[in-house]
Every structure is written in C-alpha cells, then in structure tokens.
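In full-length UniProt numbering, the protein residues as written are 1 to 100.
One structure is given below, encoded as structure tokens.
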C-alpha cells in the first residue's frame, strides 16, 4: 500500500490525501527552484516546476504543484505575498532562506 500524507491549507480548509513520494518530489523541486532562482511569481515557478518534472512525474504537475505549494505555505517553508492585484510572489521561508 502506498504511503500517503494529508496536506495543509493556509486558510484552514481541508487538505488532500496524496502520495508521500509525489509530495516529496514536488516539495524538493519547489524549494530548490526558489533557492536557485530567488523569489518567483506563482506562474513563473509553475513553469519552472513543469519543465523540471515533465516526463519524470506520474500525475498532474499543475495540480500537485498547487497542493504542495499551499502546504509549504502553511508550514512556513515558503512565503506568499501579493504583488499588485492577485499575483502571488513566492519566496523561501526563514528556515530555508538562511541556507541559501
């Protein structure tokens, strides 16, 4: 049986059950991309993640990206601020920023 986790949501909404392996793979790519590139908009990071995982990820990359991004935001691993209107700017949280 596949090991699963329940993600967290920053607004306290119900999380989703996802494969731990897929979560860890997506988490690693998101955090490494932000460490390498610095702050990115939601769309910019989505493109980077898609390029890095295309052909190596079993499942919908955009769906998992959003689910894991919300979880990382809730855990404080990444920070999300609004950049003019509704555009999100993502950057590493304090515990990861010190490692850069």
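The beta-carbon is built from N, C-alpha and C at its ideal position, and this holds for glycine as well.
Model, not experiment: these values are computed from the prediction.
Cα atoms of residue 81 and residue 88: separation of roughly 6 Å, rounded to the nearest angstrom.
For the pair residue 48 and residue 33, the CB atoms are nearer than the 7 Å cut-off. In the DSSP annotation of this structure, residue 33 is not part of any beta strand (DSSP E); the continuous alpha helix (DSSP H) holding it starts and ends at 20-37.
Contact annotation: residue 64 and residue 22 have beta-carbon atoms nearer than 7 Å.
Secondary structure of residue 7 (DSSP, three-state): coil. Going by beta carbons, residue 27 and residue 68 fall inside the 7 Å limit. Inclusion of residue 10 and residue 66 in the CB contact set at 7 Å is not warranted, their separation being larger than that value.
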